[in-house]
Each structure stands twice: as structure tokens, then as C-alpha cells.
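>
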């Protein structure tokens with residue numbers, strides 16, 4: 016080894032690193048390794064959240080998965096059925112206010128001949 020290449024620095028002239036709130040270089044190195052570990056944990060969590068969001072988005076595009084999700088949730092199923100029934104534009108209610116089925120409107124004959132035809136039709140239906 017050459018003596019020219021080896022330089023010995025005087026401890027008083029050596030530059031000291033700026034450590035800020037850390038007491039020494041070891042404390043700074045330890046804090047850095049903890050920070051790096053925390054960053055890794057957060058990155059892994061973020062990746063898991065992104066994958067879960069991607070899986071949820073994939074479910075929305077699959078009709079069978081969407082159907083299963085709707086039929087398994089009672090509140091969603093009830094809302095879908097109610098929205099569908101509201102969208103029907105037939106104007107005829109499915110049930111009356113008492114819960115009984117809605118009956119056909121009463122036919123009132125305008126003549127005696129029409130009344131006789133209605134009565135014969137009714138009698139023929141009850142015999143069969």
C-alpha cells in the first residue's frame with residue numbers, strides 16, 4: 016500500500032453530517048429502514064385495494080355475477096321489483112286496497128236481448 020494514497024483526516028476538520036432530530040447516524044439509519052418498511056406495507060395495501068376494485072368492476076360487467084349479487088340482497092331485490100312495477104304503464108293495479116285481486120269491470124246490458132245473452136253465457140260456463 017502506498018503512503019501517498021492513504022490520507023488521515025483530523026477529527027476536528029472532518030465534516031459532520033446534518034442529522035436533524037436524530038442523535039447519530041445509527042438512529043438515522045434505523046429510522047430510514049422503518050420508513051422503508053412502512054412504505055412497503057402501504058404499497059402492498061394499495062395494490063390489494065386496487066385489485067379488489069378491479070374485481071368489483073369485473074363483477075359489474077358479468078351479468079350472472081350481477082344477478083347473483085342482486086338476488087342475494089333482499090333490499091336490492093325489493094327495490095328492483097318495486098321499480099319494475101312502477102315502470103309498468105298498464106294503469107291497472109295488481110291488487111286492490113284490501114289485498115284481494117282486482118275483479119273485471121261489471122258489464123251492464125243495454126237491452127233485454129243483451130241481458131239474455133249474458134245470462135245464457137253465464138249458465139253455460141257454470142255447467143261445464
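In the working numbering, the protein residues as written are 16 to 143.
Each residue gets a CB set at the ideal place from its N, CA and C atoms; glycine is no exception.
#1: Determine the direct distance from the alpha carbon of residue 92 to that of residue 85, and round the result to whole angstroms.
#2: Note down, in chain order, each residue of its chain lying with its Cβ closer than 6 Å to the Cβ of residue 38, except the 5 sequence neighbours on either side.
#3: In the DSSP assignment, find the alpha helix (DSSP H) that holds residue 9 and state where it starts and stops.
#4: Just to confirm, are residue 50 and residue 43 a CB contact at a threshold of 8 Å?
Checking against the coordinates, here is how it stands:
#1: 6 Å
#2: none
#3: Past the edges of the chain, shown from 16 to 143, lies residue 9, and the structure says nothing about it.
#4: no
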